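Protein chains in written order, with our numbering: chain A, 1 to 665; chain B, 1001 to 1295; chain C, 2001 to 2151.
From the three backbone atoms N, C-alpha and C, an ideal C-beta is built for every residue, glycine too.
Note that the coordinates shown come from a computational prediction; the quantities given were computed from them, not determined experimentally.
Heads up, the thing below is written out as structure tokens.
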Amino acid sequence: MSRIGVFVCHCGENIAATVDCEKVAKTCAKIPGVVYSVDYKYMCSDPGQNLIREAIKEKKLTGVVVAACSPRMHEPTFRRACAEAGLNPYLCEMANIREQCSWVHPKSKATTQKAIDIISTLVAKVKRNRALFPIQVPVTKTALVIGGGIAGIQAALDIANSGHKVVLVEREPSIGGHMAQLSETFPTLDCSQCILTPRMVEVAQHPNITLYSYSEVESLSGFIGNFTARIRKKAKSIDEKLCTGCGECMNACPIKKNPSEFNMGLGTRPAIYIPFPQAIPNKPVIDRERCTYFRTGKCRFCETKCPAQAIRFDQKDELIDIQVGAVVVATGFNVVGTSFFPEYGYGKYKDVITGLQFERLLSASGPTLGELKRPSDGSTPKKIAFIACAGSRDPAKGIEYCSKICCMYTAKHAMLYKHKVPDGDAYVFYMDIRAGGKGYDEFVRRAIEEDHVNYIRGRVSRIYERNGKLIVCGADTLLGAEPVEIEADMVVLATAGIANQGAEELAQSLHISYDHHQFFAEAHPKLRPVETNTAGIFLAGACQSPKDIPDSVSQASAAASKVSTLFSQKELTREPVVAVINRTAPPVYSTCVGCFMCQSACPFNAIEREEIRTRDGKLIKTVARVNPGLCQGCGTCVALCRSKSIDLQGFSNEQVYAEVTELFA
Amino acid sequence: MKVGLYHGCSLEASSREYLESLRAIAPALKLELEEVQNWNCCGASSAHAMDHILALSLPAETLAQAEQQSMKEVLVPCAACYGRLAATKAELAENQTLKQQISERIEMPYAGSTEILTILDILDKVLTADVVKSFPQKFSHKVVCYYGCLLVRPPKITKAQRVEDPLMMEDILKRIGAQPLDWGMKTECCGASFSITRTDLVGMMSGKIIEDAILRGAEAIIVACPMCQSNLDMRRQAIEKAMGKRYSIPVLFITQAIGLALGLDSSALGLKRHFVPVSLLENQEAKAVATGKSS
Amino acid sequence: MENESFEPKIVAFVCNWCTYAGADLTGTSRIKYATNVRIIRFPCTGRIDYNLILKAFERGADGVIVSGCHPNDCHYTSGNFHARRRWIVFRGLLEYMGIDPRRIIFSWVSAAEGAKWADVVNRAVTEVRQLGPAKEFNEMRKSQAFEFRSV
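Here it is in structure tokens:
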């Protein structure tokens, strides 16, 4: 039999001004099942809580209703008080007679009656509450970081430095990402490689970090604290333990003219290659699609020249499974190429290039060793047109968003061009200038005032080639849409940042959400920018949306901190407001008929299939089972279930129907 | 291949050489052209600016006629007529109420089932390797192809590939042995219907086109639209006045180029009707560029 | 169907993360609204089995409000989509059963929309007051032999 205690709070004058608390307490004492009903000035205060604790012990209460403010305010407070008195905290409910009663109605009989109604509803509910216990889930204290760009590197270092193991998986032969391709970074014009390589080395040498380069995450299963990741280590065709990184193989390889990915197609590399001199690991890989041996069975020249005899043509991809407790996704972004722009030549003009390609031309380790040369004829460009917003902010091209970094790097490119070619002319066609970071606007001003870059506010409608020059047809809208035609030697398009290749497939294999541009979705745009809706998987860097280096690093450290928080506990404790599918004795086992509508409706993949078998292994039926580690307690499955086999602890059918019935009794 | 033919007014009047050359080459291309009976004006010059219903009714009536005459496909050589017919077909396909309304207005059933083809669509289909084999000579000249506006725009209706840099005409010309050159004015405006009201503007805009063609070393400009041909050819005086130079580069319809490869003579192809004399260097190895010499 | 002294009894099924929080905000902002509504809290509108709405009418409710997070903002990602889909099917059933669908008000109220909640309640009360008491279920109730078990 129930023995419910009702505690009506005055909350000073907040409730008492419009609700007759004394009358409420007296009336509630008469509700069947209520054995104790009092009112008090401040229930949340120490003496107030004491009142509850003592009543629980003296009156042997089986349930408590505190009629006061919103449960969103003080439910944890009163649940803790009950726990301290030995009553399971989930046997305590709050009746909201302040925010949803006393504060919104005038002093009247109706208001007092409403308070009574609210309390009696919750008494009916709490009579049917069951004792619930927090769910414990073990945690594997190893993190998986997917992506070895600056965000992945930062996250890996932070997690490793907090004492936990990290596995860093990178798709390319080397870590470093796009930051390794940059020549200088805004707003300081710091040499990108100089600030990045020490971190790359730290990752390689850190005792807590295991680096798998030229590898991909093939699948991820499990749940927070308990993931299993399958990693494909692609065959490099090199025995890394023997290879010294001397580079003799690269000199020996006869197939030298493959377009270099690192140089964005502007330079070449051999079929066996280290992508750039500061690569980590500094070991080559063989591009099996271009290597003569793999295509025709002949050559193997590198093998003969290798002093360490480290070439292994028979190497195969390796699949390894690892157990991790958390995942940080830092897979970065890509930029659209020049062929995306019909109005700029469909990519056929060699001297119309993207910002990233220009970056490689500027770079001292680039295809022209830092000398600015036109890809078409190697001459020095004397006039460059930079086009900002190439593709971005353009719904007609399907890219409505702003790519965030282009205004800054365009200013940087124009400045660096002027530093290299002081007698050259730089024109920037822009729509707006977005320079909102620290030192950013000053940087753009510098380009305009010190380096005399010409900024023209207008768009470019066409580029075509004539007599070896590129005719750039734009407009100057600050002069009233005056047409502007520039005969440029080179055009640099600040092309839109887009999701990296394979983003959609990766998101699907990890079960994280993504938007219609294949950028990964954060749990809440304002308050939870580094978490996903999948518990235990976090985001860092440009894979979530285009962003610059400081923001990527910040996000990476934030994600690392979330991982550290997760790992700081021995076990994960979760609220037991989870769904449960009934189980009963044979021959029924469960009223679940195995339709699995719940499984398809669950946004968190928390429902699994369970096979019920006889002792000798014969299958009786397959029913649904909720994973309490994943279930978030929304109850969608409960409402869906046609056989009413699933219920939500804390908001069970019994409780909820009792509330409704009581309301109109 | 048998298709319906809707050639509209220009091909009977100021651009009659387009129709003449088309009819002249049709037998060699095994193309049977059946004119749509009772066709009417497509309204390209002004209807669409005056009254939306009228603008839809005029092409719809011609299309309805084609349907009644059981024509599955209709060739529309004039790009302007094509633009109007295609736009009408697209709009009525989207809007059933409007379709009903127009059908009532023209007092004819309209199903929208006829396929509308440009000259380039047809030539692409019929100018196969087999057919070209029998051509007596090659049209081995350097040319630039001018598309003007209506052959590729609006992209959603014409479904053109490579709207900014189309290659359909070049492809067809290569088949007859021509050397199409890349140039910057493929789809730039010639001044269009300002031909009558502001001929000076046409002079400037078409002038730019002529200049670029000559710069690239073209011997002729190939077009597939009567308006384009008019502005670049008939308005040559206005162009020369605006640009202060003389230009002798001829402007040929694509059907005339094919006719020359077929060895047909200039009167059959209506070449004598042009304002700018068509005097292509017959020497197949000629590399000289026809520059602005006084003609 | 007009009854000057008739005060409708309305129950509101709301989700914890949006509408319940929004209703709290109404209180914090001290915005006044009609006293006829009793709120029952759910974790998500997806949890609301529409049999519950029928139960509410059966037990004497004159009107029901169902309110949750705006589409795309559901705390549990898609619970409110399920609620919305259910509502579309349920509406047809209600009409078939002869219950005026105007007695059920479906709304999206976010945690920031305190004023909107007050507005939803007031409008619901006005509407249901005009519709009069929900007589359809009174008969069903009388014929019910079912007694809710006491604990």
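> So, does the CB of C/Arg2030 fall closer than 9 Å to a CB anywhere in chain A?
Replying inline: Here the question's residue 2030 of chain C lines up with position 30 in the third sequence. Chain A, which has a Cβ nearer than 9 Å to the Cβ of C/Arg2030, makes this yes.
> Is the Cβ-Cβ distance between A/Ile399 and A/Ile498 less than 9 Å?
Replying inline: The sequence position of residue 399 of chain A within the first sequence is 399, counting from 1. The sequence position of residue 498 of chain A within the first sequence is 498, counting from 1. Here A/Ile399 is near A/Ile498, since their CB atoms are less than 9 Å apart.
> Roughly how many angstroms lie between the CA atoms of B/Ser1294 and B/Leu1120, to the nearest whole one?
Replying inline: The sequence position of residue 1294 of chain B within the second sequence is 294, counting from 1. The sequence position of residue 1120 of chain B within the second sequence is 120, counting from 1. Below a pLDDT of 50, predicted positions are generally treated as unreliable, and B/Ser1294, at 34, falls in that range; no measurement from the model is reported.
>> If you follow the beta strand (DSSP E) that A/Arg232 is in, where does it begin and where does it stop?
In response: Position 232 of the first sequence holds residue 232 of chain A. Counting along the chain, the beta strand (DSSP E) containing A/Arg232 begins and ends at Asn226 to Lys233.
> Using a beta-carbon distance below 9 Å, is A/Leu663 in contact with chain C?
Replying inline: Mapped onto the first sequence, residue 663 of chain A falls at position 663. By the rule that beta-carbons nearer than 9 Å mark a contact, A/Leu663 touches chain C.
>> If contacts are defined as beta-carbon pairs under 8 Å, then C/Cys2018 and C/Val2109 qualify, I think. What distance do you get, rounded to the angstrom?
In response: Here residue 2018 of chain C refers to the residue found at position 18 when the third sequence is read from its first residue. Here residue 2109 of chain C refers to the residue found at position 109 when the third sequence is read from its first residue. A Cβ-Cβ separation of about 6 Å places C/Cys2018 in contact with C/Val2109 under the 8 Å criterion.
> In three-state DSSP terms, what is A/Tyr427?
Replying inline: Position 427 of the first sequence, counting from 1, holds the residue named residue 427 of chain A. Look at A/Tyr427 here: in three-state DSSP terms it is strand.
>> For A/Asp660, would you say it is in contact with chain C, using Cβ-to-Cβ distances shorter than 9 Å as the test?
In response: Reading the first sequence from its first residue, position 660 is the one you call residue 660 of chain A. The sequence given here has Val at residue 660 of chain A, not Asp. So yes, A/Val660 belongs to the interface.
> Which residue's Cα is closest to the Cα of C/Leu2093: C/Val2066, C/Asn2051 and C/Asp2073?
Replying inline: The residue labelled residue 2093 of chain C in the question sits at position 93 within the third sequence. Taking only the C-alpha atoms, the option nearest C/Leu2093 is C/Asn2051.
>> Going residue by residue through the region 359-405 of chain A, where are the continuous beta strand (DSSP E) segments of at least 3 residues, counting only ones entirely within it?
In response: If we require 3 residues or more, the beta strand (DSSP E) runs fully inside the region 359-405 of chain A come out as 383-390.
> Does DSSP classify A/Cys473 as helix, strand or coil?
Replying inline: In the first sequence, the residue the question calls residue 473 of chain A occupies position 473. Residue state, collapsed to three classes: strand.
> Hey, does C/Pro2071 have any beta-carbon neighbour from chain A nearer than 9 Å?
Replying inline: As a first step, residue 2071 of chain C is located in the third sequence; it is residue number 71 there, counting from the start. False, the Cβ-Cβ gap to chain A never drops below 9 Å.
> Of all the CB atoms in chain C, is at least one closer than 9 Å to the CB of A/Pro71?
Replying inline: In the first sequence, the residue the question calls residue 71 of chain A occupies position 71. Chain C, which has a Cβ nearer than 9 Å to the Cβ of A/Pro71, makes this yes.
> Can a CB atom of chain C be found closer than 9 Å to the CB of A/Asp20?
Replying inline: The count along the first sequence starts at 1 and reaches residue 20 of chain A at position 20. Under the 9 Å criterion on CB atoms, A/Asp20 is classed as non-interfacial with respect to chain C.
> Mind checking whether A/Lys41 and A/Cys9 have CB atoms under 9 Å apart?
Replying inline: Within the first sequence, numbered from 1, the residue matching residue 41 of chain A stands at position 41. Within the first sequence, numbered from 1, the residue matching residue 9 of chain A stands at position 9. Yes, the Cβ-Cβ distance between A/Lys41 and A/Cys9 is below 9 Å.
>> Closer than 9 Å between beta carbons: that is the criterion. Which residues of the region 99-116 of chain A meet it against chain C?
In response: Close to chain C, meaning a Cβ-Cβ distance shorter than 9 Å, are the following residues of the region 99-116 of chain A: Glu99, Gln100, Cys101, Ser102, Trp103, Val104, His105, Pro106, Ser108, Ala110, Thr111, Gln113 and Lys114.
> Leaving out the 5 sequence neighbours to the left and right, which residues in its chain are closer than 6 Å to B/Gly1083 when beta-carbon positions are compared?
Replying inline: Looking up residue 1083 of chain B in the second sequence gives position 83. The answer, listed in chain order, is Leu1150.
> Should A/Gln649 go down as buried or exposed, given a rule of 16 or more other Cβ atoms within 10 Å for buried?
Replying inline: Residue numbering aside, residue 649 of chain A sits at position 649 when the first sequence is read from its first letter. Counting of Cβ neighbours within 10 angstroms places A/Gln649 among the buried residues, the total reaching 16 or more.
> Can you tell me whether A/Met43 is buried or exposed, with buried defined as 16 or more other CB within 10 angstroms of its CB?
Replying inline: Position 43 of the first sequence, counting from 1, holds the residue named residue 43 of chain A. It is buried - the Cβ of A/Met43 has at least 16 other Cβ atoms within 10 Å.
>> Buried or exposed for A/Ile4, going by 16 or more other Cβ atoms inside 10 Å?
In response: One-based indexing of the first sequence puts residue 4 of chain A at position 4. Classification for A/Ile4: buried.
> Should B/Leu1063 and B/Leu1098 be called a contact, given that it needs their Cβ atoms to be closer than 9 Å?
Replying inline: Residue numbering aside, residue 1063 of chain B sits at position 63 when the second sequence is read from its first letter. Residue numbering aside, residue 1098 of chain B sits at position 98 when the second sequence is read from its first letter. Not closer than 9 Å, so no.
> What is the DSSP secondary structure of B/Leu1252, counted as helix, strand or coil?
Replying inline: Here residue 1252 of chain B refers to the residue found at position 252 of the second sequence. Look at B/Leu1252 here: in three-state DSSP terms it is strand.
> Can you name the residues that DSSP bridges to A/Val491?
Replying inline: Position 491 of the first sequence, counted from the start, is the residue given in the question as residue 491 of chain A. A/Val352 and A/Ala385.
> Does the region 1139-1155 of chain B come close enough to the region 432-442 of chain A that 3 or more CB-CB pairs lie under 8 Å?
Replying inline: The answer is no - the region 1139-1155 of chain B does not touch the region 432-442 of chain A, with fewer than three Cβ pairs under 8 Å.
> Taking all protein chains shown into account, do 16 or more other C-beta atoms lie within 10 angstroms of the C-beta of A/Phe538, making it buried, or fewer, making it exposed?
Replying inline: Within the first sequence, the letter at position 538 stands for residue 538 of chain A. Classification of A/Phe538: buried, given that the 10 Å Cβ count is 16 or more.
>> Pull the bridge partners of A/Glu608 from the DSSP assignment, please.
In response: Along the first sequence, read from residue 1 onward, the residue named residue 608 of chain A stands at position 608. Answer by DSSP bridge pairing, in chain order: A/Arg625.
> Between the beta-carbon of A/Leu510 and the beta-carbon of A/Leu220, is there less than 9 Å?
Replying inline: Here residue 510 of chain A corresponds to residue number 510 of the first sequence, with the count starting at 1. Here residue 220 of chain A corresponds to residue number 220 of the first sequence, with the count starting at 1. It is a contact, given that the beta carbons lie within the stated cut-off.
>> Run through chain C and tell me which residues come within less than 8 Å of A/Val638, C-beta to C-beta.
In response: Against the first sequence, residue 638 of chain A aligns to sequence position 638. Result: Arg2047 and Asp2049.
> Taking 9 Å as the CB-CB cut-off, is B/Arg1162 touching chain A?
Replying inline: On the second sequence, residue 1162 of chain B is found 162 positions in, with the first residue counted as 1. At least one beta carbon of chain A lies nearer than 9 Å to the beta carbon of B/Arg1162.
> For a contact meaning CB atoms closer than 8 Å, what does A/Ala624 contact in chain C?
Replying inline: The count along the first sequence starts at 1 and reaches residue 624 of chain A at position 624. Within 8 Å Cβ-Cβ: nothing; A/Ala624 doesn't reach chain C, min ~17 Å.
> Shorter than 9 Å from the beta carbon of C/Thr2026 to some beta carbon of chain A?
Replying inline: Here the question's residue 2026 of chain C lines up with position 26 in the third sequence. Chain A contact via Cβ: present.
>> Any beta carbon from chain A within less than 9 Å of B/Gly1184's own beta carbon?
In response: Walking along the second sequence from the start, residue 1184 of chain B turns up at place 184. Yes, because at least one Cβ of chain A sits closer than 9 Å to the Cβ of B/Gly1184.
>> Let's test the definition: count the other Cβ atoms within 10 Å of the Cβ of B/Glu1188 and tell me whether it reaches 16, buried, or not, exposed.
In response: Residue numbering aside, residue 1188 of chain B sits at position 188 when the second sequence is read from its first letter. Result: buried.
> In terms of alpha-carbon separation, which member of A/His419, A/Arg393, A/Lys420 and A/Gly468 lies closest to A/Ile433?
Replying inline: In the first sequence, counting from the first residue as 1, residue 433 of chain A sits at position 433. Residue A/Arg393 is the option with its Cα nearest to A/Ile433.
>> In this structure, how does DSSP classify B/Val1132 when only helix, strand and coil are distinguished?
In response: By one-based count along the second sequence, residue 1132 of chain B stands at place 132. Looking at B/Val1132 - three-state DSSP - the assignment turns out to be helix.
>> Any beta carbon of chain A sitting closer than 9 Å to that of B/Asp1200?
In response: As a position in the second sequence, residue 1200 of chain B is number 200, starting the count at 1. Not an interface residue.
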